[in-house]
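Residue 207 is where the sequence shown starts when you use my numbering, and the numbers rise one by one after that.
Yeah, the Cβ is synthetic: ideal placement off N, Cα and C, and Gly gets one too.
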Amino acid sequence: MIVMHRNIAKLVALIGLVLPLTALAQIELLEKAGEKAGFATEGEGSDITVIVGGVIKAALTVMGTLFLAQTVYGGYLWMTARGEEEQITKAKHTLRTSVIGLGIMLGAYAITTFVVSRLTEATLE
207 MIVMHRNIAK
217 LVALIGLVLP
227 LTALAQIELL
237 EKAGEKAGFA
247 TEGEGSDITV
257 IVGGVIKAAL
267 TVMGTLFLAQ
277 TVYGGYLWMT
287 ARGEEEQITK
297 AKHTLRTSVI
307 GLGIMLGAYA
317 ITTFVVSRLT
327 EATLE
């Protein structure tokens with residue numbers, strides 16, 4: 207029982223450290239990618255890069271929110287399991303899938319940023 211409490215404490219500490227860092231990194235990377243790709247700041251709204259940038263930003267916001275909600279739900283399931291193996295297994299599965307989803311989301315963001323920056327460089331040259 208003590209080992210499980212230590213694992214839960216480690217998980218909570220990890221999530222508490224990682225979530226704020228990923229949120230800050232996401233905001234900073236979005237701003238840098240927007241500047242590199244030439245996304246509009248204010249006043250411009252019809253350029254295709256502005257539209258694509260807005261869609262990407264909205265999708266990342268929604269996905270980040272879903273990750274947070276799923277992580278909190280998995281933690282809640284684990285904390286309220288009271289030793290029931292079935293509920294603990296469900297909580298572990300929920301947390302595992304949320305972390306995998308976060309990895310996929312960050313990978314997609316990295317690929318998108320790379321492609322958009324390369325396309326922008328190619329069109330400007």
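Inter-residue Cα distance where the pair is residue i and residue j
| i | j | result |
| --- | --- | --- |
| Ile317 | Gln293 | 36 Å |
| Ile324 | His299 | The residue asked about is misnamed: residue 324 is Arg in this sequence, not Ile. Rounded to whole angstroms, Arg324 to His299 spans 37 Å at the Cα level. |
| Leu301 | Gly280 | 5 Å |
| Gly289 | Ile254 | 53 Å |
| Leu266 | Gly259 | 11 Å |
| Leu283 | Glu291 | 11 Å |
| Glu327 | Lys216 | 44 Å |
Distance CB(residue i)-CB(residue j) smaller than 8 Å
| i | j | result |
| --- | --- | --- |
| Ala297 | Ala287 | yes |
| Gly307 | Phe273 | yes |
Exposed unless 16 or more other CB atoms sit within 10 angstroms - verdict on residue i
| i | result |
| --- | --- |
| Ile262 | buried |
| Thr295 | exposed |
| Gly309 | exposed |
| Ile330 | It should be noted that the sequence gives Leu, not Ile, for residue 330. Exposed, since its Cβ has fewer than 16 Cβ neighbours within 10 Å. |
| Thr303 | exposed |
| Thr271 | exposed |
Residue interval of the alpha helix (DSSP H) (run including residue i)
| i | result |
| --- | --- |
| Glu292 | Glu291 to Leu330 |
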